[in-house]
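Visitor: Quick note on numbering: the sequence shown equals residues 4 to 352 in the numbering used here.
Handing you a structure now.
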Amino acid sequence: MTDGAAEPAALQREIAEFQRRLAAGIATLASLPPVELATAPREVVAKDGKTTLYRYCGTPVPGRPPLLIVFALVNRPTVLDLQPDRSLIRRLLARGVDVYLLDWGYPDRGDRHLTLADYTLGFLHRAVLRITALHGLPDLLGVCQGGTLSLLYASLEPERLRSLTTMVTPVDFHTPENLLSKWARRIDVDQLVEAYGNVPGELLNVTFVSLMPFRLTLQKYLALVDGADQPAQIETFLRMERWIFDSPDQAGAAFREFVKWFFQENRLVQGGAMVDGRPVDLRRITVPLLNIYATEDHLVPPSASRPLGALTSSRDYTELAFEGGHIGIYVSSRAHTVPAAIADWLAAR
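Encoded structure:
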């Protein structure tokens, strides 16, 4: 009887504590100023359509080549500089890396006919040429989908780069663990693009959340309540929410090509990709190559990234496993090891 009576009392205490923390969290949220992302000082080097080439203000080691970062089309690169203590970009700068970033911007209806050729042999190529004119050949860091675009570019213009780093980059899109690929292979992308023109970012956000609904919804909000009395933790949460829901629309033609060529037809592995009439062959990539993957990544599982080593002709290929997930590799407490490893790897070459 005593044990049975204690259970409801313990449950009531737990509920009361949860309500207290929830109220404290709401009060903390109301007291916080608007959060800002991507605050590392930088300057605009060039504008090219909707894209912007930035150079970050730092003190680069003399004689080191610059590093150009290419992020995914489906999210904003602000997660790379989420806040001063969680910033891949700031940590690269602190290591003396001369950091450039190609920001794709926000495509509108006038951009719906942009293709993967426009993004790789157009915007990316012109950014590489501009940096080369200033410093010589750059190193390239492609992140997530931006890594796939970087692989396309490196295979088509292998002499334009000094090295290539890929980070949580999908290569083999048909591995069993690839949940996103299983979804993408079932959609009628022609009908989707015909209906929308540009694919809405909100639609893709819903898709990403649906792949891991518990982890990406209920679990994260419960974690927020647990940290309700820590303003710094809540500010980080708000920055992450702002980044997650800042999803640009996708240029229809490029989205169609990416889904068909890679998610549905797996052309990086199977061959057959053509960009502006030129065949993509990863064996043409001979530069030093660093491939970083996350062991708990639900969007780009290790099995999707690791095959890269066998597909290129690089004689200087290095793999780095990060113990964490797709987003944690940028902002978790362990994420500081990644820019340090990148900087050390670049300096050694």
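Beta carbons: idealized from backbone N, C-alpha and C, even for Gly.
The structure presented is a predicted model; accordingly, all values stated were derived computationally and were not measured.
Once you ignore the five residues that flank Gly204 on each side, which residues in its own chain have a CB closer than 6 Å to its CB?
Guide: Ser250, Pro251 and Asp252
Visitor: Less than 7 Å between the beta carbons of Asp319 and Ser158, yes or no?
Guide: no
Visitor: So Tyr296 and Leu91 are supposed to be a Cβ contact under 8 Å. How far apart are they, rounded?
Guide: Contact flag wrong, Cβ pair sits at about 15 Å.
Visitor: Distance check for Pro110 and Leu278, CA to CA, integer angstroms please.
Guide: The sequence given here has Val at residue 278, not Leu. Distance between the alpha carbons of Val278 and Pro110 is about 20 Å.
Visitor: Are any of the Cβ atoms in chain B nearer than 7 Å to that of Val341?
Guide: No chain B is present in this structure, which holds just one protein chain.
Visitor: With DSSP collapsed to three states, give me the class of Pro179.
Guide: Note: Pro179 maps to coil in three-state DSSP.
Visitor: Using three-state DSSP, classify Arg98 as helix, strand or coil.
Guide: When secondary structure is reduced to three states using DSSP, Arg98 falls in the coil class, being assigned neither helix nor strand.
Visitor: Identify, in the order they occur along the chain, each residue of the same chain with its Cβ nearer than 8 Å to the Cβ of Phe217, setting aside the five sequence neighbours on each side.
Guide: Caution is warranted here: a pLDDT of 42 is assigned to Phe217, below 50, making its placement in the model unreliable, and no coordinate value can be reported.
Visitor: Where does Pro69 sit, in a helix, a strand or coil, going by DSSP?
Guide: Residue state, collapsed to three classes: coil.
Visitor: Would you say the beta carbon of Ala157 comes nearer than 6 Å to a heavy atom of the ligand SAH?
Guide: The ligand content of the structure shown is nil, which means the ligand SAH is not present either.
Visitor: Could you please give the first and the last residue of the uninterrupted beta strand (DSSP E) stretch that includes Thr321?
Guide: Tyr320 to Phe325
Visitor: Expressed to the nearest angstrom, what Euclidean distance is found between the alpha-carbon atoms of Phe325 and Ala344?
Guide: Cα-Cα distance, rounded: 11 Å.
Visitor: With distances taken between CB atoms, is the gap from Pro68 to Arg165 smaller than 7 Å?
Guide: Yes, Cβ-Cβ distance for Pro68 and Arg165 is below 7 Å.
Visitor: Which value, in whole angstroms, describes the spacing of the CA atoms of Pro3 and Pro234?
Guide: Residue coverage of the chain in this structure runs from 4 to 352, which leaves residue 3 outside it and unanswerable.
Visitor: For Leu221 and Ile134, I'd like the C-alpha separation in whole angstroms.
Guide: A caution first: Leu221 carries a pLDDT of 46, below 50, which makes its placement in the model too unreliable to give a value.
Visitor: Would you decide whether Gln273 is buried or exposed? Buried here means 16 or more other CB atoms lie within 10 Å of its CB.
Guide: Result: exposed.
Visitor: Tell me which residue opens and which closes the alpha helix (DSSP H) that Ala41 is part of.
Guide: Taken as a continuous stretch (DSSP letters only), Ala41 belongs to no alpha helix (DSSP H), as it is neither H nor E.
Visitor: Can you give the Cα-Cα distance for Glu39 and Val47, rounded to whole angstroms?
Guide: 19 Å
Visitor: Just the Cα atoms here: how many angstroms apart are Asn78 and Pro342?
Guide: 20 Å
Visitor: On the criterion of 16 or more Cβ atoms from any shown chain inside 10 Å, does Asp84 qualify as buried, or is it exposed?
Guide: buried
Visitor: If you count every other CB in all the chains shown that lies within 10 Å of the CB of Phe261, and 16 or more means buried, which is it?
Guide: Phe261 is buried by the Cβ-count criterion.
Visitor: Is it the case that the Cβ atoms of Gly255 and Val196 are separated by a distance below 7 Å?
Guide: Taking 7 Å as the cut-off, the beta carbon of Gly255 is found closer than this to the beta carbon of Val196.
Visitor: From what residue to what residue does the alpha helix (DSSP H) around Gln86 run?
Guide: Unbroken run through Gln86 is the beta strand (DSSP E), Asp84 to Gln86; no alpha helix (DSSP H).
Visitor: Would you call Leu152 buried or exposed, if buried means 16 or more other Cβ atoms sit within 10 Å of its Cβ?
Guide: With at least 16 other beta carbons inside 10 angstroms of its own, Leu152 counts as buried.
Visitor: Does DSSP classify Gln194 as helix, strand or coil?
Guide: In this structure, Gln194 counts as helix in the three-state DSSP scheme.
Visitor: Which class does Arg337 belong to by DSSP, given the choice of helix, strand or coil?
Guide: coil
Visitor: For my contact list, Phe265 and Phe176 are in at a C-beta cut-off of 8 Å; report their separation, rounded to the angstrom.
Guide: 5 Å
Visitor: In three-state DSSP terms, what is Ile330?
Guide: coil
Visitor: Out of curiosity, what's the CA-to-CA distance linking Pro310 and Arg259?
Guide: 24 Å
Visitor: Expressed to the nearest angstrom, what Euclidean distance is found between the alpha-carbon atoms of Trp107 and Val73?
Guide: 9 Å
Visitor: For the beta strand (DSSP E) holding Ser166, just list the boundary residues, first then last.
Guide: Ser166 to Met170 is the extent of the beta strand (DSSP E) around Ser166.
Visitor: Tell me which residue opens and which closes the beta strand (DSSP E) that Thr54 is part of.
Guide: Thr54 to Tyr59
Visitor: Given Asp142, which residues of its chain have a CB within under 8 Å of its CB, disregarding the five upstream and five downstream residues?
Guide: Pro68, Pro69, Leu70, Leu71, Leu164, Arg165, Ser166, Leu167, Thr168 and Leu349
Visitor: Which residue comes first and which comes last in the beta strand (DSSP E) that contains Gly3?
Guide: The shown model of the chain, from 4 to 352, leaves out residue 3, and the question about it has no answer.
Visitor: Which residues mark the beginning and the end of the beta strand (DSSP E) in which Leu132 is found?
Guide: From DSSP, Leu132 is part of no beta strand (DSSP E) but of the alpha helix (DSSP H) over His128 to His138.
Visitor: Do Ala346 and Arg98 have their beta-carbon atoms positioned less than 7 Å apart in this structure?
Guide: yes
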